[in-house]
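Counting from 1 along the sequence shown, just add 1128 to a position and that's the residue number in this note's numbering.
A virtual CB, placed ideally from N, CA and C, is assigned to each residue, including glycine.
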Amino acid sequence: MPELPEVETYRRFLDEVILHQPITAFEVRDAHVLGTDEDTLRQRLVGQHVTGTRRIGKNCFLELSDGSALALHFGMTGDVNAYRHDHDAPRFTRVALHLADGMRVAFIDPRKFGRIRHAESVDHYQKAKKLGPDALEVTAVHLQQKLGPKKMMIKPLLLDQSITAGLGNWIVDEVLFQARIHPERRANTLTTKEFKALHSAIQLVLRTAIGHEATYRHFPASFLIHAREWDDSATPGTEQHRFCPRHPKVEIEKSYVGGRATYICPRCQPAPVVSE
């Protein structure tokens, strides 16, 4: 599933190929991915050009010259690519934007859970979808203000897109591991120091993932994801990826928190006491 790092990679790609190019045609190969009707999209897009790209959480936006925006949500299998000729169209291309220079930008989605919508503006879309601030822009103060009073477990709260947009399941596990916080800790038990550690961990995990274009096998050996993926690329030829990178004799444990598969180091992330 494309998470924030993948979507940021898509946004940067779109920024390179589509900016300031007039849109000459809107080609629909499968209307299932349209969240706005085809005729409306065609009327709002053809003749416009993209003045900028933005991302909020897992949502990517093409800002149009009339002030409105095209919102792209990639669902479970969405992607983007570019091509010039019909025979080069990527497999599972559902929609293509034709540009004045002959390039075509494809919205690719094998399972068709992604959606393309027109929005009056990015801000309007954010309010309508009740999205919180993007995870890369969130501050430690925001986290403490929003989460500090709550008695819920910290992991489900971090997954709540209305609080912080863009933190998916594996990212939250990685953030909590890097911050040394157990996912079942109640948010109201976290200290100011722990909220600062949480914020730093969000920055570390997201910037690392974006820097490696979300290619997990290239992540540092200090990351939990190698255990989550049962990926031995960090410790080739051994089973060491199943153990904590800080404590090589402590095995990573899997459980379920809020119905989501969750990976922790029992030593780095001590379980909360019952009174919490």
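Could you check what DSSP says for residue i in three-state terms: helix, strand or coil?
i, result
"K1382", "strand"
"I1244", "strand"
"L1106", "This structure does not reach residue 1106, given that the chain is present from 1129 up to 1404, and the question cannot be answered."
"A1315", "helix"
"L1198", "strand"
"T1366", "coil"
"L1259", "coil"
"R1183", "strand"
"A1293", "strand"
"L1162", "strand"
"P1133", "helix"
"R1345", "helix"
"E1302", "helix"
"V1250", "helix"
"H1215", "helix"
Contact defined as beta carbons within less than 8 Å: I believe residue i pairs with residue j. What is the distance between those atoms, to the nearest angstrom?
i, j, result
"R1212", "A1224", "Incorrect: roughly 11 Å between the Cβ atoms, too far for contact."
"R1239", "M1204", "5 Å"
"C1393", "F1323", "Their Cβ separation, rounded to whole angstroms, is 20 Å, which puts C1393 and F1323 out of contact at 8 Å."
"L1169", "T1179", "That belief does not hold up - the Cβ atoms of L1169 and T1179 are roughly 18 Å apart, past 8 Å."
"A1228", "Q1149", "6 Å"
"E1302", "L1271", "Not quite, the Cβ-Cβ distance comes to about 16 Å (not below 8 Å), so this is no contact."
"V1401", "P1311", "Not quite, the Cβ-Cβ distance comes to about 15 Å (not below 8 Å), so this is no contact."
"L1132", "G1242", "That belief does not hold up - the Cβ atoms of L1132 and G1242 are roughly 15 Å apart, past 8 Å."
"A1355", "H1369", "6 Å"
"P1348", "T1336", "7 Å"
"Y1253", "A1329", "That belief does not hold up - the Cβ atoms of Y1253 and A1329 are roughly 28 Å apart, past 8 Å."
"N1297", "L1285", "Not really, about 13 Å apart at Cβ, beyond 8 Å."
"A1268", "H1327", "4 Å"
"R1172", "H1246", "5 Å"
Which partner residues of residue i appear in the DSSP bridge assignment?
i, result
"F1154", "L1225"
"I1236", "D1207, T1221"
"V1178", "L1147, L1192"
"F1371", "E1379"
"Y1391", "K1382"
"L1142", "For L1142, which the question treats as bridged, DSSP gives no partner whatsoever."
Could you name the residues of the same chain whose beta carbon sits closer than 6 Å to that of residue i, not counting the 5 residues immediately before and after it, in chain order?
i, result
"R1222", "R1157, D1158, V1161, F1235, D1237"
"G1230", "R1212"
"P1261", "none"
"S1350", "P1373"
"E1248", "S1196"
Could you give the residue range of the alpha helix (DSSP H) that holds residue i?
i, result
"I1309", "Neither: I1309 is in no alpha helix (DSSP H) and is coded neither H nor E."
"A1325", "1320–1339"
"D1167", "1166–1173"
"Q1272", "1268–1275"
"K1283", "1282–1287"
Any Cβ of chain B within less than 8 Å of the Cβ of residue i?
i, result
"D1143", "Here chain B cannot be found, since the structure has a single protein chain."
Between which residues of its own chain and residue i is the CB-CB distance below 8 Å, once the five residues before and five after are set aside?
i, result
"V1174", "I1151, T1152, A1153, F1154"
"R1313", "M1281, I1282, P1400, E1404"
"R1308", "A1325, C1396, Q1397"
For residue i, which residues from the same chain have a beta carbon less than 7 Å from its beta carbon, with the 5 sequence-adjacent residues on both sides left out?
i, result
"E1341", "T1137"
"P1277", "N1316"
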